[in-house]
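The structure appears below as structure tokens.
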Amino acid sequence: MSDNRVRVRFAPSPTGPLHIGGVRTALFNWLFARHHGGAFILRIEDTDQKRYVADSIQLITEGLRWLGMDWDEGPEVGGEYGPYIQSERLELYQKWANWLVEQGRAYRCYCTEERLDALREQQKAAKQDPGYDRHCRTLSADERAQNEAEGKPYVIRFMMPTEGSTTVNDLLRGDISFDNKQLQDLVLLKTDGYPTYHLANVVDDHFMEISHIMRAEEWIPSAPIHKNLYDAFGWDMPQLAHLPVILNPSGKGKLSKRSAGFTEGGRKVPVLLYEFLDGGYVPEAIVNFLTNVGWSFGEDREVFTVQETIERFDLSRVNPAGSIFPIEKLDWLNGVYLREMDDHKLAALLRPVFEKAGYEVNLDVLLQVIPLLKPRIKTLPEAIPMGGFFFAEEFKPAPKEELIQKKMDAAGTKAALERAYALLNALTEWSHAAMEGALRPLAEELGLSAGQLFGALRMATTAQQVSPPLFESMEVIGRAESLRRIQLAIASL
RNA sequence: GCCCCUAUCGUCUAGAGGACCAGGACGCAGCCCUUUCAAGGCUAAAACUGGGGUUCGAAUCCCCAUAGGGGCACCA
């Protein structure tokens, strides 16, 4: 199954934190590379100086590593096709842009921003399609010479064919044709000497010997542009596969961090990768979840390991239709992974969560608590209300009213707690089994339901309406402290 | 406005002409278990956008309509 000619890349631009949509694109590329035994390349497309955000590259590399995606070539690891940061390859792009000019396939355009803006306004007013009017494409030799003599700044524009059509093949959708009249004489090289995305992308994919381009669906309209560029250069175009977009839970538009990043219930949906980290999702669950959006394992299976995914991943199972971000499925899946997780590993994840919430964590206690927490949490922060009280420095007894259970009064509650105290105090072994063995008959004797008696004890020992099972909790709290708390409750009645 | 893509339960999806009165999962509802909350088990409701073709036969192929999405920068 190994094909070392498979070379794919993830090519984000460093404009801020990783977006989950980008992560999905990266993941599919990575899975494809690993499945075929090819190379996964990380390339940084920093050709827009205005949008560059410092530290972005680090956020990207850390994010990919967190999810377990390693790259064979790129920043931090190097490679034979580098550099892998586009701002370090400017000469290459300039060379090939100029080559196109020499070949008569591109031209210098001296139009100012003002003229372009005015043109756009005019087109808009006349309800014409927007686009460059190719003014500088037909400049005479004299006009050109004059512009050069004046030292006017210029961009290099591609001379797009104006007739016929361009057909590109998409591995998921088949052939897609575009009327060349729709295509623009787009800018290849900007005034500042930096390439645009289109030029840099084509040049790099060619020289980095990329075999398959897997990118998001919003790039489909630029595929014919790229195709014409490859043709002009005389290069073969890599295979294309446009991955479906992920839509907002609101159903309106692409998944974005703004406006519609909420579910119908008004819940904030995580979108940036760090928001998933902060939200208490684990990487294994995120990866498993992402592979279920736009791709399916088959065999009616929803839960599987990365290794299984790598073995099975292929483009034929990619669904070309866009999909709404199914966040509730991630919650469920995260719960599945948390339940299956090794106790020590979960302890390492939970410890900082409790500490951040202001609790001082005793590792021994945490390890005892984890089995109680496991089936009750879907995300890490949910452990705080469920288990935080185990680490509270000072016990705050529940108010009297809350000790009294349904259809009971203060006197009855007090009497029941006193009897329970006596039985527990007499126990030779402080285990949940022993406690239950002693107290269940008591409930019956007192004519109370298990819910009434245990409810009162829960309130007395944990001061919580909701908690892990009573006796297991008391086991963790310890004999002396549990008995002390029951005494406290009795005294308050 | 123009161009392009897509279309199965509320949602994520299975389905590559007969094995489909359409399967799985999440969510939702009910029941069981149960000391609260979960987890777990069981059951239920829930979909092939519409219309034309092609074919002995269409969720699957073609066309049109509709709907949703994407794109039309010296941003990627």
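Quick note on the working numbering: the first sequence kicks off at 53 and runs consecutively.
Quick reminder that beta carbons are idealized off the backbone N, C-alpha and C, glycines included.
Since the model is a prediction, treat every value here as computed from it, not as a measurement.
*In the DSSP assignment, what are the bridge partners of R172?*
Bridge partners of R172: none, in fact.
*The alpha helix (DSSP H) with G547 in it runs from where to where?*
Since the first residue of the chain shown is 53 and the last is 545, residue 547 is not available in this structure.
*asked:* Check whether the segment 194-201 and the segment 218-229 are in contact - that is, three or more C-beta pairs closer than 8 angstroms.
replied: no
*State the beta-bridge partners of N199 as determined by DSSP.*
None, per the DSSP bridge assignment.
_Can you look up S368 in the DSSP assignment and give me helix, strand or coil?_
Three-state DSSP puts S368 in a helix.
*To the nearest angstrom, report how far apart I338 and L119 are at their CA atoms.*
8 angstroms
_Alpha-carbon to alpha-carbon, K320 and N340_ = 21 angstroms
*Test item: CB-CB of H250 and P290 under 7 angstroms*: Pairing H250 with P290 gives a Cβ-Cβ distance that is not under 7 angstroms.
*Under 8 angstroms by Cβ, that's how I've got D244 and Q101 pegged, so tell me the actual separation to the nearest angstrom.*
7 angstroms
*8 angstroms contact criterion, which L325 and P69 should meet: CB distance rounded*: 6 angstroms
_Opening and closing residue of the beta strand (DSSP E) in which F523 lies_ = From DSSP, F523 is part of no beta strand (DSSP E) but of the alpha helix (DSSP H) over 522-529.
*Candidates P247, I376, R510, E336: closest to K397 by CA position*: E336
_Quick check: the Cα distance between S311 and A502, rounded to an integer number of angstroms?_
Low per-residue confidence applies at S311: pLDDT is 47, beneath 50, and the placement is therefore not dependable, though the value from the model is reported in the following sentence. Going from the Cα of S311 to the Cα of A502 covers about 49 angstroms.
*Between the C-alpha atoms of S525 and S483, what's the straight-line distance to the nearest angstrom?*
10 angstroms
*Residue range of the beta strand (DSSP E) that Q234 falls in?*
No beta strand (DSSP E) holds Q234; DSSP gives it neither H nor E.
*Straight-line gap, P64 to E354 (C-alpha atoms, nearest Å)*: 29 angstroms
_Mapping the DSSP letters down to three states, classify F92 as helix, strand or coil._
Secondary structure of F92 (DSSP, three-state): strand.
*Look at the alpha carbon of I96 and the alpha carbon of I109, and state the distance between them as a whole number of angstroms.*
8 angstroms
*asked:* For N386 and E114, I'd like the C-alpha separation in whole angstroms.
replied: Rounded to the nearest angstrom, the two C-alpha atoms are 21 angstroms apart.
_Suppose you measure from the CA of G73 to the CA of D237; what does that come to, to the nearest Å?_
Each residue's alpha carbon lies about 30 angstroms from the other.
*Residues that DSSP places opposite S217 in a beta bridge*: Secondary-structure assignment with DSSP links S217 through a beta bridge to D231.
*State the DSSP-derived secondary structure class of S519, mapped to helix, strand or coil.*
In the structure shown, S519 sits in coil (DSSP, three-state: anything other than H, G, I, E or B).
*For the 8 angstroms Cβ check, are there 3 or more pairs between the segment 357-371 and the segment 404-419?*
no
*asked:* My parser needs the alpha helix (DSSP H) runs of 4 or more residues fully inside the segment 417-444; what are they?
replied: 435-439
_Every unbroken beta strand (DSSP E) within the segment 324-390, with a cutoff of 3 residues, ordered by chain_ = none
*asked:* Quick check: I262 and R61, are their CB atoms within less than 7 angstroms of each other?
replied: Their beta carbons are under 7 angstroms apart, which means I262 touches R61 by this criterion.
_Output needed for Q175: all residues of its chain with C-beta closer than 6 angstroms, excluding positions within five of it in sequence on either side, in chain order._
P182
_Could you check whether Y162 and K5 sit closer than 7 angstroms to each other, using their CB atoms as the reference points?_
Coverage of the chain is limited to positions 53 through 545, which leaves residue 5 absent and any answer about it impossible.
*Go ahead and pull the three-state DSSP assignment for R59.*
For R59, the secondary structure class from DSSP, reduced to helix, strand or coil, is strand.
_Here's the rule I'm using: 16 or more other beta-carbon atoms within 10 Å means buried, otherwise exposed. How should S229 be labelled?_
exposed
_Identity of the residue in G331, V405, L415, E351 nearest D383 by Cα_ = G331
*Tell me Y159's beta-bridge partners as DSSP assigns them.*
R209
*On the DSSP bridge assignment, give the partners of P247 in chain order.*
L241
*What is the DSSP secondary structure of G507, reduced to helix, strand or coil?*
helix
_Let me make sure I understand the geometry here. Which of S192, L241, T67 has the alpha-carbon closest to that of K147?_
L241
*So, helix, strand or coil for A284, using DSSP?*
helix
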